[in-house]
Amino acid sequence: QEGKNRYHLFDMAQDIALKNQHEKLIRIEAALQDNEFVLYYQPKVNMVTGELIGVEALIRWQHPERGLLPPIEFLPVIERHELTINVGEWVIDTALTQISHWQKLGLNIIVSVNIDALQLQQAAFVDRLSTLLAAHPDVPRGSLQLEVLETSELADVKDVSKIMHACIELGVGFALDDFGTGYCSLTYLKRLPVNLIKIDQSFIFGMLDDPDDLSIVEGVMGLSKAFELNIIAEGVETLEHGLALLALGCYLAQGYGIARPMPAIDVLEWSENWKPDKAWSAYDLNING
Ligand code: C2E
Ligand code: MG
Ligand code: MG
Ligand code: MG
890 QEGKNRYHLF DMAQDIALKN QHEKLIRIEA ALQDNEFVLY YQPKVNMVTG
940 ELIGVEALIR WQHPERGLLP PIEFLPVIER HELTINVGEW VIDTALTQIS
990 HWQKLGLNII VSVNIDALQL QQAAFVDRLS TLLAAHPDVP RGSLQLEVLE
1040 TSELADVKDV SKIMHACIEL GVGFALDDFG TGYCSLTYLK RLPVNLIKID
1090 QSFIFGMLDD PDDLSIVEGV MGLSKAFELN IIAEGVETLE HGLALLALGC
1140 YLAQGYGIAR PMPAIDVLEW SENWKPDKAW SAYDLNING
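Given below as structure tokens:
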């Protein structure tokens, strides 16, 4: 009797969870229609020269009641759901519109967009990307970059590599995001056509206190040299983080210590005013690079 009763309760809980999930999906779909999503942009800089090399587009939900919501609040809800693809296309389209706009203002930068592993592996992805690019003819080749998470979901490296090569034909570049946290980093590096690796911020947070994290950062630096890849550190929050990275020869960085993600309208002014700290700009690339 007790067992049966418990089973019944469990069933109800699951039913409610499913209904909640369904309601959330409908709400997110409406948000997409009603233009409630917005892209924020976080600068990526050269810590020595102060040059703005690009920005990463990060999605936010301008929720009418709850305010500005970070992606963790809604992206997990649509994971593995078709809606992920629609949101992903909205992100690429919006980033392309922004690139043309900045181009007209004389701001020539690479904009990177995060892309779900499932979206990338979708059969029609290359066609859709090509259509989106064709709709923005004034976007220069090479100015759109896709940040792919190094996860186990990039199942078949051979297939993924093919898709990536087709995107590269279209003038789109690739970065491996959160590098070092996934499962098969080395296979990826060897077999995927990426231009840039982004060292995961967890290693940067830890590198000043934890020798293991420092070793990992050093190791990834070594790999980037061996594979002749550009490397950028994420999560650079302080001057000291930057200095430790420069000492290892990593001069590209992104993080709160440089700038937080900001609305598109603020980027141009930021880029005209930002200067690296003297301790950073004093670093000599010829000795350390
Ligand atoms: P990510 O691509 O690794 O992006 C870096 C995240 O770290 C961003 O959080 C950024 O705001 C935050 N961050 C940057 N610098 C610092 C720092 O110095 N300290 C700390 N503590 N955090 C920093 P956000 O915007 O909440 O995004 C979280 C994740 O959500 C992203 O991680 C990315 O995986 C995903 N995401 C964001 N936008 C999109 C999107 O448009 N599409 C997809 N598929 N995923 C997205
Ligand atoms: Mg990213
Ligand atoms: Mg990352
Ligand atoms: Mg991340």
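Sequential numbering of the sequence shown, starting at 890, is according to the UniProt record's numbering.
Even glycine gets a Cβ: it sits at the ideal position worked out from N, Cα and C.
Bear in mind the structure is a predicted one, so any value in this text is a computation, not a measurement.
Do L1103 and A1133 have their beta-carbon atoms positioned less than 9 Å apart in this structure?
As a first step, residue 1133 is located in the sequence shown; it is residue number 244 there, counting from the start. As a first step, residue 1103 is located in the sequence shown; it is residue number 214 there, counting from the start. Yes. Within cutoff.
Should D982 be listed as close to ligand 2, given that the test is whether its C-beta is under 8 Å from any heavy atom?
For this step, residue 982 is matched to residue 93 along the sequence shown. For ligand 2, not one heavy atom lies less than 8 Å from the Cβ of D982.
Exposed unless 16 or more other CB atoms sit within 10 angstroms - verdict on I999
Numbered from 1 along the sequence shown, position 110 holds the residue referred to as residue 999. By the 10 Å Cβ count, I999 comes out buried.
Starting from A1008, trace the alpha helix (DSSP H) both ways and give me its first and last residue.
The residue given as residue 1008 occupies position 119 in the sequence shown. First, the residue type needs correcting, since residue 1008 is Gln and not Ala in the sequence shown. Unbroken alpha helix (DSSP H) run through Q1008: 1006-1009.
F1051 - DSSP class collapsed to helix/strand/coil:
Position 162 of the sequence shown, counted from the start, is the residue given in the question as residue 1051. The question names Phe, but residue 1051 in the sequence shown is Lys. Residue state, collapsed to three classes: helix.
Should K933 be listed as close to ligand 1, given that the test is whether its C-beta is under 8 Å from any heavy atom?
The sequence position of residue 933 within the sequence shown is 44, counting from 1. It does not: the Cβ of K933 is nowhere closer than 8 Å to a heavy atom of ligand 1.
For S1032, count neighbouring C-beta atoms within 10 Å of its own C-beta (all shown protein chains included) and say buried if the count is 16 or more, exposed if not.
Translated into the one-based positions of the sequence shown, residue 1032 becomes position 143. By the 10 Å Cβ count, S1032 comes out buried.
Starting from the N-terminal end, write out each residue whose C-beta falls within a distance shorter than 6 Å of any non-hydrogen atom of ligand 3.
D1066, D1067, K1087, E1123
With a threshold of 7 Å on Cβ separation, who are the neighbours of G1131 within its own chain once the five nearest residues in sequence on each side are excluded?
Against the sequence shown, residue 1131 aligns to sequence position 242. Around G1131: M936, V1125, A1142, G1146, W1169.
Three or more C-beta pairs closer than 8 Å, one from the region 1009-1019 and one from the region 1057-1072: is that the case here?
yes
Taking DSSP's pairing of strands, which residues face I1093 in a bridge?
Numbered from its first residue, the sequence shown carries residue 1093 at position 204. Paired residues: none, contrary to the question.
How is H911 classed by DSSP in three states: helix, strand or coil?
As a first step, residue 911 must be located in the sequence shown, where it is residue number 22. Helix at H911.
Unbroken beta strand (DSSP E) runs of length 3 or more, entirely within the region 928-990: which are they?
941-952, 956-958
Assuming L1112 and L1085 form a contact by the criterion Cβ under 8 Å, report the distance between their Cβ atoms to the nearest whole angstrom.
Residue numbering aside, residue 1112 sits at position 223 when the sequence shown is read from its first letter. Residue numbering aside, residue 1085 sits at position 196 when the sequence shown is read from its first letter. About 13 Å separates the two Cβ atoms, so there is no contact after all.
CA nearest to the CA of R953, picked from T1076, N997, A919
Walking along the sequence shown from the start, residue 953 turns up at place 64. According to the sequence provided, residue 953 is Pro. The question's Arg does not apply to it. Answer by Cα proximity: A919.
Nearest to R1080 (by Cα), restricted to the options F1092, T1070, S1091, L1065:
Mapped onto the sequence shown, residue 1080 falls at position 191. Of the listed residues, the one whose Cα sits closest to R1080 is L1065.
Whether I1052 touches K1087 by CB criterion (9 Å)
By one-based count along the sequence shown, residue 1052 stands at place 163. By one-based count along the sequence shown, residue 1087 stands at place 198. No, the pair does not count as a contact, with Cβ atoms beyond the cut-off.
I need the DSSP call for residue 1184, collapsed to helix, strand or coil.
This structure gives no information on residue 1184, because the portion of the chain shown stretches from 890 to 1178.
Please report the distance separating the alpha-carbon of G1144 from that of L1128.
As a position in the sequence shown, residue 1144 is number 255, starting the count at 1. As a position in the sequence shown, residue 1128 is number 239, starting the count at 1. For G1144 and L1128, the distance between alpha carbons rounds to 11 Å.
Could you compute how far the alpha carbon of R949 sits from the alpha carbon of V976?
Indexing the sequence shown from 1 puts residue 949 at position 60. Indexing the sequence shown from 1 puts residue 976 at position 87. Rounded to whole angstroms, R949 to V976 spans 11 Å at the Cα level.
I'd like to confirm something about S1001: is its beta-carbon nearer than 8 Å to some heavy atom of ligand 2, or not?
Working through the sequence shown from its first residue, we reach residue 1001 at position 112. Checking the Cβ of S1001 against ligand 2 gives yes.
So, does the region 1150-1166 touch the region 986-1000, judging by three or more C-beta pairs under 8 Å?
yes
For V1061, which beta-bridge partners are listed by DSSP?
To locate residue 1061, count along the sequence shown from 1; it is residue 172. Bridge partners of V1061: none, in fact.
When DSSP labels each residue in this structure, what does V1125 get in the three-state scheme?
In the sequence shown, residue 1125 corresponds to position 236, counting from 1. Coil, per DSSP.
Return the chain-ordered list of same chain residues with a C-beta closer than 7 Å to the C-beta of E1123, the five sequence neighbours on each side being excluded.
Within the sequence shown, numbered from 1, the residue matching residue 1123 stands at position 234. Hits under 7 Å: K1087, I1088, D1089, Q1090, I1093, Q1143, G1144.
Contacts around L1021, its chain only, beta-carbon distance under 8 Å, and the 5 residues preceding and following it disregarded:
Here residue 1021 is taken as the residue at index 132 of the sequence shown, counted from 1. Closer than 8 Å at the Cβ level, and outside the excluded window around L1021, lie E978, I981, D982, L985.
May I ask whether a heavy atom of ligand 2 can be found less than 8 Å away from the beta carbon of residue 861?
Nothing can be reported for residue 861, as the shown portion of the chain is limited to 890 through 1178.
Out of S989, L914, L947, which one is the CA nearest neighbour of T973?
Looking up residue 973 in the sequence shown gives position 84. Checked all of S989, L914, L947; the closest Cα to T973 is L914.
Is D1067 closer than 9 Å to Q1010 when the C-beta atoms are compared?
For this step, residue 1010 is matched to residue 121 along the sequence shown. For this step, residue 1067 is matched to residue 178 along the sequence shown. Going by C-beta atoms, Q1010 is not nearer than 9 Å to D1067.
Return the Cβ separation of G1062 and E1039 in integer angstroms, given the expectation that the two are a contact with Cβ distance under 8 Å.
In the sequence shown, the residue the question calls residue 1062 occupies position 173. In the sequence shown, the residue the question calls residue 1039 occupies position 150. Between E1039 and G1062 the Cβ distance is about 16 Å, and since that is not below 8 Å, they are no contact.
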